[in-house]
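Reviewing the structure listed below.
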Amino acid sequence: METSAAGSSAGGGGGGGGGGASRPPSFTAQTNALLRKNLIFQVLIPVSLRAFLFALISLIILKRNRKGTIRLIIVPIYFCVILTVLERVINNILDKPKYRCGCQCVDVNGTGSCQEVCGIQYSTLDQSDSCPIPNPPEWPALLQIPRPEYRAMQDSSQLFTGFPDASCRKSQSCPASIPFTGANETLSSIVIQNLFTSLPLSNLSDYMNISSLLLGTDVPGTYTSLIEPAFFSDRPIYVLRTQCKPSDSVTVPITFGAINVQKEILCIQGLPLWRNSSAIINEETFKGYRKGKTEEGINEIPMAYDFQDSNEKRFNVLALYNSTYQNVSYLPTPSGLQRIPRSLNVVSNAYLQFLQGSGVQMLLAFTKEMPKQATHFRLEISSYVGPLFFVWVVELLFPVMLTYLVYEKQHKLRTMMKMHGLGDGPYWVIYYAYFLILSMVYLVLFVLFGSLVGLNIFKVNDHSIQFVFFFSSMNLQIVLAFLAATFFSKVNTAQAIAYMYIFGSGLMAEYLILNFIQGGKFPKHWIAVLEIIPTFSLYRGLYELAQYSIRASQIGNPGMRWSDLNDHENGMRDVLIIVVLEWLVLLPVAYYLDHAASVGHKSSLLSMIKDLLKKNPTWRRVSVNEVVVNSVHVEMGKLDIIKEKETVDQVLQQRSSGYAVVCDDLKKVYHGKDGNPDKLAVRGLSLALPYGECLGILGPNGAGKSSFISMMIGLTRPTSGNAFVRDFSIQTDMEKIYNSMGVCPQNNMLWEMLTGREHLQFYGRLKSLNGSALHHAVEESLRSVNLLHGGAADKQVRKYSGGMKRRLSVAISLIGDAKIVYMDEPSTGLDPASRKSLWDAVKQAKHDRAIILTTHSMEEAEILCDRLCIMVDGSLQCIGTPKELIARFGGYYALTMTTSPEFEREVENLVGKLSPNARKVYHLSGTQKYELPKQEVRIADVFTAVENFKRRMEVQAWGLADTTMEDVFVKVAKGAQSSQELS
């Protein structure tokens, strides 16, 4: 249990000394206060490591936001269920007879009895992949020939020279063009001519003697050679020859094991075309590819050769082959490899004939796959689409964390906590731990549930690798949230940018990383550079886990293990190193920028960055003297202000004379934007405020009252000058000032989900209160602002009226024996009864502390304030007790009389007889108001004269009043404005 302790800090009360700072709350006390506030616990929690960890783990059962937290945590379970259901639906479709090995009822023994026999010979192309193939068929190797409508032809550009004209497209007789080049044109031309044979097609009786021909097909290939789809299609097999006759077509029976088909073999012309360089061939191929259409259409070639430096003793050839129709790059087998053997064989055979003569042949009779067992194709959707999908799932926590941080920033709740003594260290510890626990619960449930429902990406890979990867990634994501929060001030903007980031960067990672890895040509060190972007590193790690899960499902690999990180093809080790190093670098950067943003230092790196981003940054400090020089003659006549300035100078020389607040020539300038002039909000304010005094600041709207309070509580920095609170400078020591300061801001800064009691408990703990002292202080605060009746103390603030919120803000500012309290218009929006109880609370609290109060209520100012000062346009016009100000500016009586309009002249004559120096201040429809100097009239004379006047004239109403504070305020404000207009 907590121990009871007094919450009062050292320091003088009343008008005494107390120059030393209040005892600041310990790190543990601040952490305890913020943790309790976040967890919304009503019971006492011992401040120990065990209880601290227990409380953090209890985040998933938050009292107020339990439903929202549970919904957030079950999001990954929801996504796992979606993936599982989708995967099972697809696999159920794949398990239908359409995709299982084909079977037929066959009379095996000739007895007429039907026996079901299954095999590839009874299967369609969709079924054949699942069949067992103990003795794979021998397929002739084929070239990939462009379809007739895509074969290369001449166009209007300078490329494609030598190709046939466009008329061949209409008759579908375009040849298969074969560009070639080399260092030795003669040798290259001879070799390319040897590609083609003149064997008549009519001599073909079956497929056994077609191995000497240059065969091709326009049917797309597959990733395996167990099935050659060209022989199951109605498209012909092509033979490339230098010349073709109309009769060059034959249909031959072809047998592959138990497969018997009749296949048409059709002659097409092969057109060799010499090119001066390989670059020309490359450009023609690129421009003619189906995704790079020319004006006339698609111009494709079946193959091309660069013989380079080949000669009679050296054969060095670069073969280009066509895999245009092959679009299965997501599969583990490289695309198009089954279409290259024939191309390499014919060019090698042609070179051999160049050396040894046409009688020598090196023929490729067939290609044959290894045998395979029966397979049941199942789609591991989590592994194929997982990287991108899981990147989005994991990063969905980023907008949540960013919103949480920016919300408190937007509503100035972070500032309010800081002004009541909460340091950056406890704030980071609690919020970082909150985000980390929440993230790990989120991801642990994701991985465990994914494993339970059978998602291989989680099931087969080592769980310790997954934990390290996700743990380091989430730490980096949390730091990024803190870092990003310093650049946002609106929740809506932060959320929009965050969601754009996670979805946009995820798509970029999918496109770039996937293509760079599978393309194999992008340097690995540049891929590592890309992985500095957090989303890219997260995607790469998930991609590696997905690849190992795919291999596990296909060939029975055990999944990723720690030993696999030594494989240079595995990028997981680089990802872990990058993520950890980036976290170590960004953590102090984020902490510094967060601290600089919360303190508001203009010299901070954050402010310099923001200034650089401005179109017209202002680096020059504006001299306030340039603007206030015209008001010097006004200041000379204000003896009370001069005396206050002398007091300030004397106090600053002594530095420990018992004054709570000393302002020394404090100035604030807001720089104009978009060509507007600078605005001087505060012009050289000098004040000395002792303990036990309440100083009221009066002034019209825009006078600079709130700007002054904002500087004193650390919301803004002074342009020049300084102020000392308990001998600490607001320029350099605001962190120390916060420990003994209470603030009631102009706008209520409250948590909508907390109750009034919980607010006071939180801020009381920040003031080092605990145990019975905290309980007593909270109860007294609630009673003093009339929040104990009707259960108001235990209602959530969102159910409070505006007046109740205002009273709670005042109670917060006074709890914990704060020695300096700032109240910015505390009674705004209160009913008379609530205002009276509020005044009683402030009067009781001011005995041992200094209070600075701004208000528009003259009654409030007279009741609460020991001294008053009036500000107009940023300058002090006067300062003193209410009686002194009334005596100084109120040496007159106010006579008001209402008569019929025809008697107005007689009223004016009456006033002139009473006081020759009377001044008319108001006149409207028979109602006139005059100021009568006190030294010229007596009250008895005024009453006698009015009574005599009433006997002669009809007087509807009249009154004689002494000067009020409101009159003083109006007079001083108008006088100051008139002086500024004259100057």
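Numbered per the numbering used here, the sequence shown spans residues -18 to 964. Positions of the beta carbon are idealized from the N, C-alpha and C atoms, including for glycine.
Practice task
Please classify Ala466: is it buried, with 16 or more other beta-carbons within 10 angstroms of its beta-carbon, or exposed?
Solution key: On the sequence shown, residue 466 is found 485 positions in, with the first residue counted as 1. Classification for Ala466: buried.
Problem - Residue range of the beta strand (DSSP E) that includes Thr880 - result: For the purposes of this step, residue 880 is taken as the residue at position 899 of the sequence shown. It spans Tyr873 to Thr880 - the beta strand (DSSP E) in which Thr880 sits, taken as one unbroken run.
Handout entry: Supposed contact pair Gln458 and Phe371 - C-beta distance, whole angstroms, cut 8 Å
Key = Working through the sequence shown from its first residue, we reach residue 371 at position 390. Working through the sequence shown from its first residue, we reach residue 458 at position 477. The Cβ separation is near 14 Å, so there is no contact.
Handout entry: Distance between Ser691 and Tyr529 (C-alpha atoms, nearest Å)
Key = For the purposes of this step, residue 529 is identified with residue 548 of the sequence shown, where counting begins at 1. For the purposes of this step, residue 691 is identified with residue 710 of the sequence shown, where counting begins at 1. Rounded to the nearest angstrom, the two C-alpha atoms are 59 Å apart.
Practice task
Work out the CA separation of Val650 and Thr700 for me, nearest whole Å.
Solution key: In the sequence shown, the residue the question calls residue 700 occupies position 719. In the sequence shown, the residue the question calls residue 650 occupies position 669. The straight-line gap from Cα to Cα measures roughly 6 Å.
Exercise for the section: Could you name each continuous alpha helix (DSSP H) segment of 4 residues or more that falls completely within the stretch 402 to 489, going from the start of the chain to the end? Expected result: 405 to 433, 437 to 440 and 444 to 466
Exercise for the section: Could you tell me which residues DSSP pairs with Phe161 in its beta bridges? Expected result: Counting from one through the sequence shown, the residue named residue 161 turns up at place 180. Note: Phe161 sits in a beta bridge opposite Trp255 and Tyr286.
Exercise for the section: Less than 8 Å between the CB atoms is what I'm expecting for Leu568 and Glu491, so what's the real figure, rounded? Expected result: In the sequence shown, counting from the first residue as 1, residue 568 sits at position 587. In the sequence shown, counting from the first residue as 1, residue 491 sits at position 510. Not quite, the Cβ-Cβ distance comes to about 28 Å (not below 8 Å), so this is no contact.
Practice task
Using only alpha-carbon positions, find the residue among Ala477, Val381, Asn720 and Asp199 that is nearest to Ser304.
Solution key: In the sequence shown, counting from the first residue as 1, residue 304 sits at position 323. Nearest option by C-alpha distance: Asp199.
Practice task
Could you check what DSSP says for Thr198 in three-state terms: helix, strand or coil?
Solution key: Here residue 198 refers to the residue found at position 217 when the sequence shown is read from its first residue. Strand, per DSSP.
Problem - Touch test, the stretch 509 to 519 against the stretch 414 to 421, Cβ-Cβ under 8 Å, three pairs minimum - result: no
Exercise for the section: Provide the residue(s) that pair with Val374 in DSSP beta bridges, ordered along the chain. Expected result: To locate residue 374, count along the sequence shown from 1; it is residue 393. Val374 is not bridged to any residue.
Practice task
Would you decide whether Gln401 is buried or exposed? Buried here means 16 or more other CB atoms lie within 10 Å of its CB.
Solution key: For the purposes of this step, residue 401 is identified with residue 420 of the sequence shown, where counting begins at 1. The sequence given here has His at residue 401, not Gln. His401 should be labelled buried.
Problem - For Ser753, the first and last residue of its enclosing beta strand (DSSP E) - result: Counting from one through the sequence shown, the residue named residue 753 turns up at place 772. Careful: Ser753 lies outside any beta strand (DSSP E), inside the alpha helix (DSSP H) at Gly752 to Ser765.
Handout entry: Alpha-carbon to alpha-carbon, Gln631 and Asp646
Key = Along the sequence shown, one-based indexing puts residue 646 at 665. Along the sequence shown, one-based indexing puts residue 631 at 650. If you take the alpha carbons of Asp646 and Gln631, they lie about 14 Å apart.
Practice task
If I'm right that Val853 touches Arg830 with Cβ under 8 Å, what's the distance once you round it to whole angstroms?
Solution key: For the purposes of this step, residue 853 is identified with residue 872 of the sequence shown, where counting begins at 1. For the purposes of this step, residue 830 is identified with residue 849 of the sequence shown, where counting begins at 1. With 8 Å as the limit, Val853 and Arg830 do not qualify as a contact, their Cβ atoms being about 28 Å apart.
Problem - Alpha-carbon to alpha-carbon, Met878 and Lys901 - result: What you label residue 901 is simply residue 920 of the sequence shown in a count that begins at 1. What you label residue 878 is simply residue 897 of the sequence shown in a count that begins at 1. Cα-Cα distance, rounded: 11 Å.
Exercise for the section: Going by CA-CA distance only, name the one from Val643, Phe60, Asn728 and Gln777 that's closest to Arg738. Expected result: Residue mapping note: residue 738 aligns to position 757 of the sequence shown, counting from 1. With distances taken between Cα atoms, Arg738 lies closest to Gln777.
Problem - N- and C-terminal bounds of the alpha helix (DSSP H) containing Gln334 - result: As a first step, residue 334 is located in the sequence shown; it is residue number 353 there, counting from the start. Taken as a continuous stretch (DSSP letters only), the alpha helix (DSSP H) holding Gln334 covers Pro322 to Gln337.
Exercise for the section: Find the nearest neighbour of Glu761 within the set Gln742, Trp373 and Leu834, judged by alpha-carbon distance. Expected result: If you number the sequence shown from 1, residue 761 lands on position 780. The shortest C-alpha separation from Glu761 is found at Gln742.
Exercise for the section: Could you check which residue in Asp798, Leu789 and Glu245 has the C-alpha nearest to that of Ala758? Expected result: Counted from its first residue, the sequence shown places residue 758 at position 777. Checked all of Asp798, Leu789 and Glu245; the closest Cα to Ala758 is Asp798.
Exercise for the section: Grab the span of the beta strand (DSSP E) containing Asn703 for me, first residue to last. Expected result: Here residue 703 is taken as the residue at index 722 of the sequence shown, counted from 1. From DSSP, the beta strand (DSSP E) with Asn703 extends over Ser701 to Val706.
Problem - Between the CA atoms of Gly784 and Leu795 - distance to the nearest angstrom - result: Locating residue 795 in the sequence shown gives position 814, counting from the first residue. Locating residue 784 in the sequence shown gives position 803, counting from the first residue. Looking at the two C-alpha atoms, the distance is approximately 17 Å.
Handout entry: Burial state of His740 (16 or more Cβ within 10 Å)
Key = Counting from one through the sequence shown, the residue named residue 740 turns up at place 759. When all chains shown are included, His740 counts as buried.
Exercise for the section: Kindly indicate the opening and closing residues of the beta strand (DSSP E) around Ile678. Expected result: To locate residue 678, count along the sequence shown from 1; it is residue 697. DSSP places Ile678 in the uninterrupted beta strand (DSSP E) bounded by Cys675 to Leu679.
Problem - Per-residue DSSP class, three states only, for Arg216 - result: Your numbering for residue 216 matches position 235 in the sequence shown. Here Arg216 sits in coil by DSSP.
Handout entry: When Lys952, Pro897, Leu891 and Asp943 are compared against Met934, the one with the closest alpha-carbon
Key = Residue numbering aside, residue 934 sits at position 953 when the sequence shown is read from its first letter. Taking only the C-alpha atoms, the option nearest Met934 is Leu891.
Exercise for the section: Starting from the N-terminal side, write out each stretch of the alpha helix (DSSP H) that is 4 residues or longer and does not extend beyond the stretch 823 to 895. Expected result: 839 to 845, 863 to 870 and 885 to 895
Practice task
Tell me whether Pro352 sits in a helix, a strand or coil according to DSSP, three-state version.
Solution key: On the sequence shown, position 371 is the one that residue 352 refers to. Three-state DSSP puts Pro352 in coil, outside helix and strand.
Practice task
Keeping to the same chain, check which residues put their C-beta closer than 8 Å to that of Trp564; ignore five residues upstream and five downstream.
Solution key: What you label residue 564 is simply residue 583 of the sequence shown in a count that begins at 1. Only Ser453, Asn456, Leu457 and Val460 meet the Cβ criterion.
Practice task
Examine the Cβ distances between the stretch 868 to 882 and the stretch 935 to 953 and report whether three or more of them are shorter than 8 Å.
Solution key: yes
Exercise for the section: Helix, strand or coil for Ile55, going by three-state DSSP, please let me know. Expected result: Walking along the sequence shown from the start, residue 55 turns up at place 74. Reduced to three states, the DSSP call for Ile55 is coil.
Exercise for the section: Apply the 10 Å Cβ neighbour rule to Lys864 and answer buried if 16 or more other Cβ atoms are within range, or exposed otherwise. Expected result: Position 883 of the sequence shown, counted from the first residue, corresponds to residue 864. With fewer than 16 other Cβ atoms within 10 Å, it is exposed.
Practice task
Within its chain, find whatever has a CB closer than 6 Å to the CB of Ile508; leave out the 5 residues flanking it on each side and keep chain order.
Solution key: Translated into positions along the sequence shown, residue 508 becomes position 527. Counting only Cβ-Cβ distances below 6 Å, and skipping sequence neighbours, we find Phe497.
Problem - Residue range of the unbroken beta strand (DSSP E) whose run includes Ala147 - result: Position 166 of the sequence shown, counting from 1, holds the residue named residue 147. Per DSSP, Ala147 belongs to no beta strand (DSSP E) and is neither H nor E.
Exercise for the section: Compute the Euclidean distance between the alpha carbons of Gly665 and Thr925, then round it to the nearest angstrom. Expected result: Numbered from its first residue, the sequence shown carries residue 665 at position 684. Numbered from its first residue, the sequence shown carries residue 925 at position 944. The straight-line gap from Cα to Cα measures roughly 50 Å.
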